[in-house]
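Before any comments, here is the structure.
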Amino acid sequence: RCAGRVEVKHRGQWGTVCDDSWDMDDAAVVCKQLGCGSALKAPHWSHFGPGSGPIWMDEVKCHGTESALSDCRHDGWGQSDCSHGEDAGVICSVTALGAPPCSPEDAAAVICSGSRRVRLVDGPGRCAGRVELYYRGSWGSVCDDGWDLSDAAVVCQQLGCG
Numbered sequence: 001r002c003a004g005r006v007e008v009k010h011r012g013q014w015g016t017v018c019d020d021s022w023d024m025d026d027a028a029v030v031c032k033q034l035g036c037g038s039a040l041k042a043p044h045w046s047h048f049g050p051g052s053g054p055i056w057m058d059e060v061k062c063h064g065t066e067s068a069l070s071d072c073r074h075d076g077w078g079q080s081d082c083s084h085g086e087d088a089g090v091i092c093s094v095t096a097l098g099a100p101p102c103s104p105e106d107a108a109a110v111i112c113s114g115s116r117r118v119r120l121v122d123g124p125g126r127c128a129g130r131v132e133l134y135y136r137g138s139w140g141s142v143c144d145d146g147w148d149l150s151d152a153a154v155v156c157q158q159l160g161c162g
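Note that the UniProt record's numbering has the sequence shown beginning at 1, numbered continuously upward.
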């Protein structure tokens with residue numbers, strides 16, 4: 001929740017934000033609004049993949065002190081000359097678990113104690129993604145029934161991600 005494509009809900013529908021004029025002041029407002037600390041990066045060009053649906057905001061111009069992205073100046077709701085190839089993103093200083101984010105890399109795999117292995121796949125970096133375990137010669141997903149932050153913390157610790 002503290003790094004990804006920026007989306008806003010307007011009139012009951014989620015949509016993206018164009019990266020025209022997107023900068024660190026804009027990203028700072030998003031990170032603050034989400035409770036994710038300060039902004040580390042303000043990625044452009046659909047860094048986290050293209051969205052779908054309306055592009056609600058374009059030419060966003062925040063001062064960095066606003067409490068919500070919707071408080072910032074922009075060209076008007078739905079007024080955009082962008083495609084989803086220009087969706088804005090943020091990388092904030094705090095992850096959903098309260099630890100600093102890890103540097104982006106491909107899916108991680110480590111060997112833990114004994115013959116067990118754990119990795120994260122299909123995420124934006126080595127410290128985010130779907131949890132998989134290696135067992136009896138193959139990788140498989142971990143079911144989320146009963147999964148909570150304590151379980152996630154163990155995986156993060158095993159992977160050296162905080």
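Every residue gets a Cβ at the ideal spot worked out from N, C-alpha and C, and that includes glycine.
Local Cβ density within 10 Å of residue i, reported as buried at 16 or more and exposed below that
i	result
Arg130	exposed
Ser115	Note that Ser115 scores a pLDDT of 35, beneath 50, so its modelled location is shaky; the value from the coordinates is reported in the next line. So Ser115 ends up on the exposed side.
Val154	exposed
Ser138	exposed
Leu149	exposed
Gly76	exposed
Val142	exposed
Integer Cβ distance of residue i from residue j, believed to fall under 8 Å
i	j	result
Val17	Val6	5 Å
Met24	Ala39	5 Å
Gly4	Gly89	6 Å
Lys61	His47	Their Cβ separation, rounded to whole angstroms, is 20 Å, which puts Lys61 and His47 out of contact at 8 Å.
Nearest residue (CA-CA) to residue i, options the options
i	options	result
Leu159	Ser52, Ala128, Cys143 and Pro50	Ala128
Lys9	Pro50, Ala68 and Ala152	Ala68
Ser52	Asp122, Asp87, Gly12 and Leu149	Asp87
Ile91	Gln13, Ile55, Gly37 and Asp148	Gly37
Lys41	Asp19, Gly85 and Gly12	Asp19
Delimiting residues of the alpha helix (DSSP H) encompassing residue i
i	result
Val154	Leu149 to Gln158
Span of the beta strand (DSSP E) around residue i
i	result
Val142	No beta strand (DSSP E) contains Val142, which DSSP labels as neither H nor E.
For the UniProt domain "SRCR" (1-93), which segments carrying the beta strand (DSSP E) assignment without a break, of at least 3 residues, lie completely within its bounds, in sequence order? Runs of the beta strand (DSSP E) spanning 3 or more residues and lying entirely within the UniProt domain "SRCR" (1-93) occur at 3-5, 7-10, 13-17, 39-41, 55-57 and 89-92, in chain order.
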